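Going from the sequence shown to the numbering used here is simple: count from 1 and add 41.
Encoded as structure tokens, the structure appears first; notes follow it.
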Amino acid sequence: MLVQKLDKILIVDDEPEIAQALKLYLDYEGYTTSLASDGSTALDMLLNAKDYTVVLLDISMPEMDGITVLKRLHDSGGDIAVIMMSGHGSEELAVECMRDGAEDYISKPFALEDMLLRVERACTHRRERIEKRLLQQEREDFILMLSHDMKNPLTAVIGSIDIIREGCLGTVNEEQKEYLQSAIDSCNEVVIMIDNLLDIRKFEAGKIQMTVHPCNAHELIGKIANQFARPARHDGIELTVDLEAGCSEVIVDKNAFTRVLGNLLGNALKFTPEGGKITVSCRHICEDEVRRLEIPTYAPIPPDFPEKGCFVKLTVSDTGNGIPADELERIFDRYTQLTRKSGRERGGAGLGLAYCKLAIDSFHGMIWAESEAGKGSGFVILLPCCSNDNTTKQRRGIK
Ligand SMILES: Nc1ncnc2c1ncn2[C@@H]1O[C@H](COP(=O)(O)OP(=O)(O)OP(=O)(O)O)[C@@H](O)[C@H]1O
Ligand SMILES: [Mg+2]
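Listed below in structure tokens is the structure:
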């Protein structure tokens, strides 16, 4: 008895005998099949119909060949499984097809039974891929929902502890104040983690809303660094803020910039042992100096980074554990945390630097890390100055 299968297959071949034989065989096996005799017709069918699950794609066809169709399909982001067919097969060609996203590759002539096995395997792999993706999506949605819902009660907890710490409900001694403050600090760390997670997702979905304005870099940096003076003192770390005279304006979203610097200073505190030093410095530099900077090769210059004009160079350096050279690029990926033998680590989720990178990219700036394991780390941010020619302002709709 014929069991009708759910998978819909498009057979693309300019040789009608092969296409017809495949169609008859797969129809007999219960698949729903259609035919296309050239690349562009196939592409139209695949992109418009959306319900094809597998395509058997001949490589050499006139006008649009199979490789081009494969690449276009891949770029369109669909999840159709592609089995490439070629009469002039070679190992290199097979490798190229797989690299471009093909599921499988078969050389002509082939036995129809062999093709059937490959089709069945492609259908199974595709289903497993989709199930895995859906599961991953569900997990991420759940984490996002939970994180979002945790923020309000956490903010209420912080508020209540603060009222007690301030002495509004009765006298609190210095030791009690210390404990209450560290409870507030821990809650704040979780709030920052949640904000990083939610915003990274918004960046990825293209739904982040940045309100950029010209801001005085020194004023902003001074204010943020000031907030870290108490925790630095508490941890026995010397925090120095070195702002070069003369002020420069940068075009940033104040909240996002505050969080970027907060993440960097938070990291510096977390990874610097007692007795260490953290320095925040800010300088005004011009394009010639930017060219002379030793920007690491792993930090490619973003396409929106201006070639000319002046920049604010902000550095947060510490005398902490440092980061091994081969990890400097990876630490900007989300959920990356390096394993350490010792140190005063305080958890975290590995999201802070991923947020920093996305935020700085959105300001048309760039960020990278410099470090020597065991000798401390430095995080460098370059932001275009507002005083640059008006193109920067115009590009961002600022009058
Ligand atoms: N100043 C630093 N010194 C040494 N290692 C650092 C420093 N900053 C970052 N790192 C390394 O990079 C990793 C990623 O940093 P990131 O800020 O993204 O995550 P996190 O601080 O571990 O967690 P989260 O920021 O989510 O609380 C850290 O876990 C640490 O291994
Ligand atoms: Mg961090």
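Yeah, the Cβ is synthetic: ideal placement off N, Cα and C, and Gly gets one too.
Model, not experiment: these values are computed from the prediction.
*The alpha helix (DSSP H) spanning Asn304 covers which residue range?*
Per DSSP, Asn304 belongs to the alpha helix (DSSP H) from 295-311.
*Is it right to say Leu176 is buried, meaning 16 or more other beta carbons lie within 10 angstroms of its own, or is it exposed?*
With fewer than 16 other Cβ atoms within 10 Å, it is exposed.
*asked:* Is it the case that the stretch 320-331 contacts the stretch 350-362, given that we only count it when at least three CB pairs across the two stretches are under 8 Å?
replied: With the cut-off at 8 Å, the stretch 350-362 and the stretch 320-331 touch.
*DSSP on Cys327, reduced to helix/strand/coil?*
In the displayed model, Cys327 falls within a strand according to three-state DSSP.
*Spell out the partners DSSP gives Asp145 in its beta bridges.*
Its beta-bridge partners are Ile124.
_Among the candidates Lys295, Ala410, Glu58, Tyr93, whose CA atom is the shortest distance from the CA of Met251?_
Answer by Cα proximity: Lys295.
_Among Arg271, Leu210, Asp240, the one whose alpha carbon lies nearest that of Glu219_ = If we check each option's Cα against that of Glu219, Arg271 comes out closest.
*CB-CB length for Val96 against Ile121, believed under 8 Å*: Contact flag correct, Cβ pair sits at about 6 Å.
_For Thr74, count the other beta carbons within 10 Å of its own beta carbon; 16 or more makes it buried, fewer makes it exposed. Which is it?_
It counts as buried.
*How would you write the range of the beta strand (DSSP E) that Ala410 sits in, first residue to last?*
Going by DSSP, Ala410 is part of the beta strand (DSSP E) stretching over 407-412.
*Assuming Cys256 and Val293 form a contact by the criterion Cβ under 8 Å, report the distance between their Cβ atoms to the nearest whole angstrom.*
For a cut-off of 8 Å, the C-beta gap from Cys256 to Val293 is around 6 Å, short enough to register as a contact.
_Between which residues of its own chain and Leu111 is the CB-CB distance below 8 Å, once the five residues before and five after are set aside?_
Here the set comprises Leu98, Val123, Met125, Cys138, Asp141, Gly142, Ala143.
_Cα-Cα separation, Glu411 to Leu392_ = Answer to the nearest angstrom: the Cα atoms are 19 Å apart.
*From Gly307 to Met86, what does the alpha carbon distance come to, in whole angstroms?*
Using only the alpha carbons, I get a separation of about 53 Å.
*Any non-hydrogen atom of ligand 1 within 7 Å of Ile59 CB*: Taking 7 Å as the cut-off, the C-beta of Ile59 does not count as close to any heavy atom of ligand 1.
*Between the C-alpha atoms of Glu58 and Leu134, what's the straight-line distance to the nearest angstrom?*
Answer to the nearest angstrom: the Cα atoms are 24 Å apart.
*Compute the distance between the beta-carbons of Leu284 and Ile262, then report whether it is under 8 Å.*
Yes, the pair counts as a contact, with Cβ atoms nearer than the cut-off.
*asked:* Which same chain residues end up closer than 7 Å to Leu210 when comparing Cβ atoms and leaving out the 5 residues on each side of it in sequence?
replied: The residues are Ile204.
*Under a Cβ-count criterion, where at least 16 other Cβ atoms within 10 Å of its own Cβ denotes burial, should Val136 be classed as buried or exposed?*
By the beta-carbon neighbour count (other beta carbons within 10 angstroms, threshold 16), Val136 is exposed.
*Terminal residues of the alpha helix (DSSP H) in which Phe151 lies*: Here Phe151 belongs to no alpha helix (DSSP H), and DSSP marks it neither H nor E.
*For Ala77, which residues does DSSP report across the bridge?*
Beta-bridge annotation (DSSP): Ala77 is paired with Val53.
*Whole angstroms is fine: what's the gap from Leu63's alpha carbon to Glu154's?*
Whole-angstrom Cα-Cα distance: 10 Å.
_When you measure from the CB of Asp345 to every non-hydrogen atom of ligand 1, does any distance come out below 7 Å?_
Ligand 1 never approaches Asp345 closely enough for any of its heavy atoms to be under 7 Å from the residue's Cβ.
*Could you give the C-beta distance for Ile249 and Asp240, rounded to a whole number, given that I count them as a contact under 8 Å?*
Between Asp240 and Ile249 the Cβ distance is about 6 Å, and since that is below 8 Å, they are a contact.
*Residue nearest to Tyr339 in terms of C-alpha spacing, selected from Ile265, Glu230, Phe404, Asp374*: Closest by alpha carbon: Asp374.
*Through-space distance from Cys427 to Lys434, alpha-carbon basis*: Low confidence applies to Lys434: its pLDDT is 46, below 50, so where it sits in the model is not reliable, and the reading given next is rough at best. Taking the straight line joining both Cα atoms gives about 7 Å.
*To the nearest angstrom, how far is it from the Cα of Ser383 to the Cα of Asp226?*
Here the model assigns Ser383 a pLDDT of 49, short of 50, so the residue's position is not dependable, and the following value carries that caveat. Looking at the backbone, the Cα of Ser383 and that of Asp226 are separated by about 22 Å.
_To test your reading of the DSSP string, which unbroken beta strand (DSSP E) runs of 3 or more residues are found completely within the stretch 171-255?_
The qualifying runs do not exist here; there are none.
*Are there 16 or more other CB atoms within 10 angstroms of the CB of Gly277, so buried, or fewer, so exposed?*
Classification for Gly277: exposed.
*Within this structure, are the beta carbons of Arg371 and Thr380 separated by less than 8 Å?*
It is not a contact, given that the beta carbons lie outside the stated cut-off.
_Ala309 CB to nearest heavy atom of ligand 1 below 7 Å_ = Judged by the Cβ position, Ala309 qualifies as a neighbour of ligand 1 at the 7 Å threshold, a heavy atom of the ligand being closer than this.
_Just to confirm, is the Cβ distance from Ser418 to Gly361 under 8 Å?_
Their beta carbons are under 8 Å apart, which means Ser418 touches Gly361 by this criterion.
*Exposed or buried, which one is Leu47 when buried takes at least 16 other CB atoms within 10 Å?*
By the 10 Å Cβ count, Leu47 comes out exposed.
*In this structure, does DSSP put Gly107 in helix, strand or coil?*
When DSSP states are grouped into helix, strand and coil, Gly107 belongs to the helix group.
*Could you tell me which of Asp145, Met156, Leu424, Ile147 sits nearest to Val291, measuring between CA atoms?*
Considering only Asp145, Met156, Leu424, Ile147, the residue with the shortest C-alpha distance to Val291 is Leu424.
_beta-carbon Ala390 near ligand 3 non-hydrogen atom, thresh 7 Å_ = With respect to small molecules bound, the structure shown includes ligand 1 and ligand 2 and not ligand 3.
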